[in-house]
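Peer 1:
Numbering (the numbering used here), first residue to last: 41 to 479.
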């Protein structure tokens with residue numbers, strides 16, 4: 041009798057210790073706060089979502105490679121604005137290379153012929169101005185395309201960052217659940233030793249412990265993989281090997297209407313701007329092709345010394361546009377205008393579709409979040425706590441307790457996944473609109 045009372049006393053002590061460690065109101069675990077100033081030097085660096093976006097824009101090598109195309113196009117503007125080089129021509133005729141005895145000053149002055157002259161190509165039709173404008177318009181398109189690549193990168197970084205937050209939240213919950221269930225295993229062993237539990241029930245509880253341990257290992261692996269994937273976007277040199285993220289799975293409702301978002305997207309989407317600028321660039325190419333159809337004038341002036349006589353020559357030449365008037369290139373560039381206009385229409389429709397899809401995705405995930413926050417999360421926890429309390433006092437069966445524990449764990453993991461899905465949907469909407477500042 042005394043041994044049974046001792047075992048029951050030990051059970052009550054363990055149960056009260058577990059209850060004392062639980063917070064009054066369970067909250068989603070978040071990444072730890074930054075270390076204090078005294079330990080800043082030894083603590084690993086931490087980054088927020090905004091830090092991650094900034095680092096990616098500064099250090100992502102794929103984006104940096106794309107930005108070099110802007111500089112390349114600006115260099116092409118310099119080339120397009122260059123004028124033709126003048127041509128210097130010089131010749132000497134009737135030089136007695138095979139009769140060296142005749143090679144004297146009198147022969148060179150009276151019998152040999154020397155010519156030297158300069159010619160220059162005068163471009164007509166304002167070709168240089170049209171070349172420069174076409175190059176500038178092409179640079180504008182490339183700049184918007186690079187900005188659009190930055191928009192895509194922002195979404196990838198934010199999505200990966202949220203995956204890391206989900207992994208950290210899941211890991212914290214799995215570790216907390218493992219610690220709590222370990223206390224149940226300890227109590228069950230005491231009850232088994234006291235003869236209050238069968239060996240079969242004890243084995244069932246210990247086998248259930250394996251699931252909690254597996255959850256911790258899987259969450260830890262997901263966190264490591266998530267941090268590695270995020271670092272790939274940020275640039276490996278931008279963060280140390282042991283960097284961490286700070287933030288939490290959060291719910292921020294969207295107040296804007298789909299009409300407001302479409303209007304904002306029409307002003308903010310860089311790919312739409314690039315499509316609009318492509319039409320302008322195509323028209324610049326038409327103007328350049330028409331200018332290239334104008335025939336250029338070549339003018340020259342030369343000095344000649346022939347038979348002791350000095351003379352000057354002035355020359356002008358211009359091709360006769362009888363056959364080649366650049367008709368094919370003019371026609372081709374006009375078709376590129378039609379192509380750019382059709383692509384603009386397609387991009388406009390795609391922007392509208394992206395906004396609608398993103399808005400509906402956020403709306404659907406918002407409804408799911410409200411269902412969980414409307415009571416399902418608290419109800420699952422209350423059910424688990426009541427069943428656990430009853431089981432530890434012999435008022436509930438082992439199967440009831442294990443079932444409530446599985447339901448609670450599944451509910452918590454699903455809630456965290458729902459929060460992460462909502463945050464990803466919100467990032468998708470930001471990507472569709474083209475700005476992170478939603479109305």
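Think of the CB as a built atom: it goes at the ideal place given N, C-alpha and C, for glycine as much as any other residue.
1) What residues are listed by DSSP as bridge partners for residue 392?
2) Applying the 10 Å Cβ sphere with the 16-neighbour rule, what's the burial state of residue 452?
3) Evaluate contact between the segment 424 to 431 and the segment 403 to 415, counting only Cβ atoms and requiring at least three cross-stretch pairs below 8 Å.
4) Compare the C-alpha of residue 158 against each of 180, 135, 174, 128 and name the closest.
5) For residue 476, collect the residues of the same chain with a Cβ closer than 6 Å to its Cβ; drop the 5 residues on either side in sequence, then sort them by chain order.
6) Mark residue 202 as exposed unless 16 or more other C-beta atoms lie within 10 angstroms of its C-beta, in which case mark it buried.
7) Check the DSSP bridge columns for residue 99 and list the partner residues they point to.
8) Whole angstroms is fine: what's the gap from residue 31's alpha carbon to residue 96's?
9) Please list, in chain order, all residues of the same chain as residue 263 whose beta carbon is under 7 Å from its beta carbon, the five residues on each side excluded.
10) Could you compute how far the alpha carbon of residue 240 sits from the alpha carbon of residue 420?
11) Rounding to the nearest angstrom, what Cα-Cα distance links residue 155 and residue 166 in this structure?
12) Which value, in whole angstroms, describes the spacing of the CA atoms of residue 455 and residue 395?
13) How far does the beta strand (DSSP E) with residue 265 in it reach, from first residue to last?
14) With DSSP as the reference, label residue 285 as helix, strand or coil.
15) Give me, in chain order, the residues of the same chain whose beta-carbon lies closer than 6 Å to that of residue 195; leave out the 5 immediate sequence neighbours on both sides.
16) Return the residue from the list 356, 415, 214 that minimises the CA-CA distance to residue 250.
17) Buried or exposed for residue 115, going by 16 or more other Cβ atoms inside 10 Å?
18) If you follow the alpha helix (DSSP H) that residue 145 is in, where does it begin and where does it stop?
19) Let me confirm a value: residue 233 is counted as buried when at least 16 other C-beta atoms fall within 10 Å, else exposed. Which label applies?
20) The beta strand (DSSP E) with residue 311 in it runs from where to where?
21) For residue 186, name the three-state secondary structure that DSSP assigns.
22) Specify whether the segment 314 to 321 and the segment 178 to 195 touch according to this definition: at least 3 beta carbon pairs, one from each stretch, less than 8 Å apart.
23) Do the CB positions of residue 150 and residue 347 come within less than 8 Å of each other?
Peer 2: The short version:
1) Answer by DSSP bridge pairing: none, since residue 392 is not bridged.
2) Residue 452 should be labelled buried.
3) Short answer: they don't touch.
4) That would be 128, whose Cα lies nearest to the Cα of residue 158.
5) Hits under 6 Å: 470.
6) Result: buried.
7) Residue 99 pairs with nothing; no bridge assigned.
8) In the structure as shown, the chain starts at 41 and stops at 479, and residue 31 therefore has no counterpart that could be examined.
9) Once the five neighbours on either side are set aside, the close Cβ partners of residue 263 are 204, 207, 208, 211.
10) Between the alpha carbons of residue 240 and residue 420 lies a distance of about 27 Å.
11) Cα to Cα, residue 155 sits roughly 32 Å from residue 166.
12) Whole-angstrom Cα-Cα distance: 26 Å.
13) Taken as a continuous stretch (DSSP letters only), residue 265 belongs to no beta strand (DSSP E), being part of the alpha helix (DSSP H) at 239 to 274.
14) Here residue 285 sits in strand by DSSP.
15) Within the same chain, residue 195 has close Cβ partners 467, 471.
16) It is 214.
17) Residue 115 is exposed by the Cβ-count criterion.
18) First-last of the alpha helix (DSSP H) with residue 145: 145 to 150.
19) That one is exposed.
20) It is not in any beta strand (DSSP E) - residue 311 instead sits in the alpha helix (DSSP H) that spans 310 to 332.
21) It is helical.
22) Yes, the segment 314 to 321 touches the segment 178 to 195.
23) In contact: residue 150 and residue 347 (Cβ atoms closer than 8 Å).
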